[in-house]
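For reference, the structure discussed in these notes is given below.
Protein chains: 2
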Amino acid sequence: MSAIDTPKTSFKQRMLQVREDAIVHAVNRLLAEKGFDAMTVDEVAAQVGIAKASLYKHFPSKEDLAAAAMVRVMQRAQDFISSLPPEADPLENLRAVVRWVLQVKLAGDMPTLPSQNSSLRATLMANNDYMDGLMEVSDRLGAWIEAAQAAGQLSAKLPAIAILYTFFARACDSVVEFLQMGGLFTDEQITELVLSTCFEGLIAR
Amino acid sequence: MSAIDTPKTSFKQRMLQVREDAIVHAVNRLLAEKGFDAMTVDEVAAQVGIAKASLYKHFPSKEDLAAAAMVRVMQRAQDFISSLPPEADPLENLRAVVRWVLQVKLAGDMPTLPSQNSSLRATLMANNDYMDGLMEVSDRLGAWIEAAQAAGQLSAKLPAIAILYTFFARACDSVVEFLQMGGLFTDEQITELVLSTCFEGLIAR
DNA sequence: GTCTATAATCAGATAGAC
DNA sequence: GTCTATCTGATTATAGAC
Numbered sequence: 001m002s003a004i005d006t007p008k009t010s011f012k013q014r015m016l017q018v019r020e021d022a023i024v025h026a027v028n029r030l031l032a033e034k035g036f037d038a039m040t041v042d043e044v045a046a047q048v049g050i051a052k053a054s055l056y057k058h059f060p061s062k063e064d065l066a067a068a069a070m071v072r073v074m075q076r077a078q079d080f081i082s083s084l085p086p087e088a089d090p091l092e093n094l095r096a097v098v099r100w101v102l103q104v105k106l107a108g109d110m111p112t113l114p115s116q117n118s119s120l121r122a123t124l125m126a127n128n129d130y131m132d133g134l135m136e137v138s139d140r141l142g143a144w145i146e147a148a149q150a151a152g153q154l155s156a157k158l159p160a161i162a163i164l165y166t167f168f169a170r171a172c173d174s175v176v177e178f179l180q181m182g183g184l185f186t187d188e189q190i191t192e193l194v195l196s197t198c199f200e201g202l203i204a205r
Numbered sequence: 001m002s003a004i005d006t007p008k009t010s011f012k013q014r015m016l017q018v019r020e021d022a023i024v025h026a027v028n029r030l031l032a033e034k035g036f037d038a039m040t041v042d043e044v045a046a047q048v049g050i051a052k053a054s055l056y057k058h059f060p061s062k063e064d065l066a067a068a069a070m071v072r073v074m075q076r077a078q079d080f081i082s083s084l085p086p087e088a089d090p091l092e093n094l095r096a097v098v099r100w101v102l103q104v105k106l107a108g109d110m111p112t113l114p115s116q117n118s119s120l121r122a123t124l125m126a127n128n129d130y131m132d133g134l135m136e137v138s139d140r141l142g143a144w145i146e147a148a149q150a151a152g153q154l155s156a157k158l159p160a161i162a163i164l165y166t167f168f169a170r171a172c173d174s175v176v177e178f179l180q181m182g183g184l185f186t187d188e189q190i191t192e193l194v195l196s197t198c199f200e201g202l203i204a205r
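Taken in sequence, the protein lines are chains W and Z.
Mind the numbering: the first sequence is residues 1 to 205 in full-length UniProt numbering, read in order.
Mind the numbering: the second sequence is residues 1 to 205 in full-length UniProt numbering, read in order.
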């Protein structure tokens with residue numbers, strides 16, 4: 001490749017990147033709105049404004065589309081976690097992460113996947129970007145969890161992994177949808193309610 | 001109808017009831033195992049051992065099949081609630097109900113529906129048996145919740161409806177699946193872990 | 001890489017004989 | 001009411017021209 005070709009190639013790659021971003025963004029919205037099964041590849045193509053066949057030039061299957069959306073949300077989680085002060089109270093950082101998850105969910109930006117779909121699970125587990133992101137997030141949160149337990153902030157009788165899963169599960173917590181559907185509470189109120197029940201529990205203190 | 005016909009008709013109706021029970025039982029298992037979208041009507045027919053067209057003589061649509069399974073699980077919940085001593089500690093009764101939900105779920109008997117599917121929602125809301133059961137359960141739990149709040153057992157700063165939804169959400173809590181998949185904990189341990197995080201929260205007391 | 005057109009399949013629902 | 005056979009529509013994925 002000659003030197004004069006480099007910018008041209010780079011520009012093309014940037015265009016490609018922009019288009020793929022648009023695709024993943026549309027997939028993210030549709031996954032958050034209707035879930036994996038109800039989302040059709042036709043819809044994705046229509047939202048992006050390209051032909052379905054073009055989609056398949058970028059992503060080999062519907063499962064890979066979903067995986068790309070999960071990589072994206074995992075990247076966002078990593079970005080948020082990295083933005084938190086590492087020297088701060090670990091419990092406060094954990095609260096901040098859960099609050100962030102709830103806000104993304106309330107904004108309708110949290111993609112949800114059916115946990116039982118096996119071909120989807122296989123695609124996700126074969127996706128290194130996703131698995132790396134998942135492990136990175138787990139490590140960061142796990143360290144804070146153990147620190148908070150050592151400091152007597154989080155219950156030490158709960159396995160750290162159970163606490164971690166409890167946080168992850170907030171991303172698909174039906175309480176949020178129930179409360180949102182009722183229309184009785186603002187997004188801020190829902191956030192604080194779920195945060196409170198998650199950390200403080202239901203029993204009076 | 002003559003007197004001699006009555007037993008015959010009644011027998012026929014009993015046979016019909018038995019068959020429909022078998023259908024709903026199969027639907028329940030499939031919904032618990034793979035969810036609504038992945039469950040096919042062909043599968044249901046195969047499991048019951050009848051032709052698909054016969055299914056449609058009993059239930060007019062796939063949505064109605066799912067609704068029948070939800071009616072069944074709601075009926076079971078009512079039965080369990082009725083089996084509890086009304087004069088007992090309301091908080092203990094609530095714990096018992098949540099424990100029951102978790103055990104049904106861990107046994108793979110809890111049907112789950114996609115909350116976003118609108119035609120399914122419409123079918124459910126048009127089903128009087130389901131709506132009556134849902135309201136009955138809500139009333140019974142709601143009374144215990146308010147009693148427990150008045151007694152200073154449950155946090156009084158949480159709206160009762162939010163607590164109720166938190167209980168309902170245990171029926172589709174992904175933490176249970178996460179912990180079950182890991183294989184590190186027994187069903188009893190998972191039950192106690194989720195019960196503890198639900199009522200006592202994550203923060204050390 | 002993007003498009004139009006189409007294949008291939010699958011699943012919900014129905015027709016019509018018995 | 002039950003069956004076999006079929007319809008109908010939707011959906012994932014691809015062929016092939018440009």
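For glycine and all other residues, C-beta sits at the position ideal for the given N, C-alpha and C.
Small disclaimer: the values here were computed from a predicted structure and weren't measured.
- Apart from the 5 residues on each side of it in sequence, W/L195 sits with its Cβ closer than 8 Å to the Cβ of R95, V98, R99 and L102 in its chain, given in chain order.
- Of the candidates Z/F178, Z/E87, Z/T197 and Z/A143, the residue whose Cα lies closest to the Cα of Z/L106 is Z/F178.
- Straight-line spacing of the CA atoms in Z/E200 and Z/L193 works out to 10 Å.
- With the criterion set as a beta carbon lying under 9 Å from some beta carbon of chain Z, the members of the UniProt domain "HTH tetR-type" (17-77) of chain W are E33, K34, G35, F36, D37 and A38, in sequence order.
- Counting other Cβ atoms within 10 Å of its Cβ, Z/K62 reaches 16 or more and is therefore classed as buried.
- When DSSP states are grouped into helix, strand and coil, W/L184 belongs to the coil group.
- Separation of Z/K52 and Z/A22 (C-alpha to C-alpha, rounded to the nearest whole angstrom) is 14 Å.
- Secondary structure at Z/L154: strand, using DSSP grouped into helix, strand and coil.
- Cβ-Cβ distances below 6 Å link W/P90 to W144, A147 and A148 in the same chain, with the five nearest sequence neighbours on each side left out; the list follows chain order.
- For W/P90, the enclosing alpha helix (DSSP H) starts and ends at P90 to L106.
- Non-local C-beta neighbours of W/L65 in its own chain, meaning closer than 6 Å and more than five positions away in sequence, comprise V27 and F59, ordered along the chain.
- Sixteen is the threshold: when 16 or more other Cβ atoms of the shown chains lie within 10 Å of the Cβ of Z/R72, as they do, the residue is buried.
- Of all residues in the stretch 166-177 of chain Z, the ones placed with a Cβ closer than 8 Å to any Cβ belonging to chain W are T166, F168, A169, C172, D173, S174, V175 and E177, in chain order.
- Between W/A204 and Z/S10 the beta-carbon gap is near 54 Å, outside 8 Å, which marks them as no contact.
- Taking 7 Å as the CB threshold, W/A204 lines the interface with chain Z.
- Taking a C-beta distance under 7 Å as the contact criterion, W/P114 and W/L31 do not qualify as a contact pair.
- W/L55 sits buried, since 16 or more C-beta atoms from the chains shown fall within 10 Å of its C-beta.
- The continuous alpha helix (DSSP H) containing W/R76 extends over residues K62 to S83.
- Among the residues facing chain Z, W/L193 is included, as its CB has a counterpart in that chain under 7 Å away.
- DSSP places W/E43 inside the alpha helix (DSSP H), whose first and last residues are V41 to V48.
- Short of 7 Å from the beta carbon of Z/M74, and not among the five residues preceding or following it, lie these beta carbons of its own chain, in chain order: Y130, G133, L134 and V137.
- From the beta-carbon of W/Q116, the residues of chain Z found nearer than 7 Å are K34, G35 and A38.
- The stretch 155-165 of chain Z makes contact with the stretch 179-190 of chain W; the number of CB pairs closer than 8 Å reaches 3 or more.
- Residues of chain Z with a Cβ closer than 9 Å to the Cβ of W/S83 do not exist, since the nearest Cβ in that chain sits about 23 Å away.
- Under the Cβ criterion of 7 Å, W/A88 is not counted among the residues facing chain Z.
- Comparing alpha carbon positions, the residue from Z/V18, Z/R29 and Z/R14 closest to Z/D109 is Z/R29.
- The continuous alpha helix (DSSP H) containing W/S54 extends over residues K52 to H58.
- In this chain, Z/L202 is not harboured by any alpha helix (DSSP H), its DSSP state being neither H nor E.
- Interface annotation for the stretch 122-136 of chain W against chain Z: empty, criterion Cβ-Cβ distance under 9 Å.
- Between W/Q153 and Z/G35, the C-beta spacing is not below 7 Å.
- Per DSSP, W/M125 is one residue of the alpha helix (DSSP H) stretching across S118 to M125.
- Closer than 7 Å to the CB of W/G201 there is at least one CB belonging to chain Z.
- Here DSSP, grouped into helix, strand and coil, assigns Z/E87 to coil.
- Per the C-alpha coordinates, the member of Z/M39, Z/D42 and Z/D139 positioned closest to Z/A77 is Z/D139.
- Taking 7 Å as the threshold, the shortest C-beta distance from W/G108 to chain Z does not fall below it.
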